[in-house]
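Accompanying notes for the structure given below.
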């Protein structure tokens, strides 16, 4: 292979790699989405455990979209402290564009960044280290049942 052909091939490879790295950011910038959005979407999920079911509406942020992309899942839900249940996810979610949020309240569906867990709140909580993924629709009473259970999480 000639030196000129080798240089052209190398430029194409490097150019393609750069385009692949930059393109997602360019597209994301054009879609007009706020990466820290707390706006509800039309994406809903159902969590079923201990013969109880509840639904949640996800927000329009990268972490919530990443979570929705991994569904359906069969996992385990368990008590944690006196204000939440947690679900250990099989992998960490993207933390792109996260930041503090206000109006924390029971019924929030969050992601705990340091441990990579879902945090499902049924009582007051502080936001530190959390990304809010969405809110439970129509109540969160199933979270009040103490214990650990198999949980099915799916998009509906």
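In the working numbering, the protein residues as written are 78 to 233. Where a beta carbon is used, it is the ideal one built from N, C-alpha and C, also for glycine.
So is residue i buried or exposed if we call it buried at 16+ other beta carbons inside 10 Å?
i, result
"residue 191", "exposed"
"residue 209", "buried"
"residue 104", "In this prediction, residue 104 has a pLDDT of 39, which is less than 50 and means its spatial position is unreliable; nothing more can be read from the coordinates."
"residue 154", "buried"
"residue 185", "buried"
"residue 172", "exposed"
In whole angstroms, what is the alpha-carbon distance linking residue i and residue j?
i, j, result
"residue 137", "residue 227", "27 Å"
"residue 120", "residue 141", "9 Å"
"residue 223", "residue 158", "11 Å"
"residue 127", "residue 118", "27 Å"
"residue 238", "residue 207", "In this structure the chain extends from 78 to 233, so residue 238 is not present and cannot be described."
Who pairs with residue i in a beta bridge, going by DSSP?
i, result
"residue 121", "134"
"residue 169", "Beta-bridge pairing links residue 169 to no other residue."
I'd like the list of long-range same chain contacts for residue i, defined as Cβ closer than 8 Å, with 5 residues on each side in sequence excluded.
i, result
"residue 168", "147 and 193"
"residue 180", "none"
"residue 200", "159, 160, 161 and 183"
Who are the Cβ neighbours of residue i in its own chain at under 6 Å, not counting the five residues just before and after it?
i, result
"residue 150", "230"
So does residue i have its beta carbon nearer than 8 Å to some heavy atom of the ligand NAD?
i, result
"residue 232", "Summarising the ligand content, the structure contains no ligands, and the ligand NAD is consequently not present."
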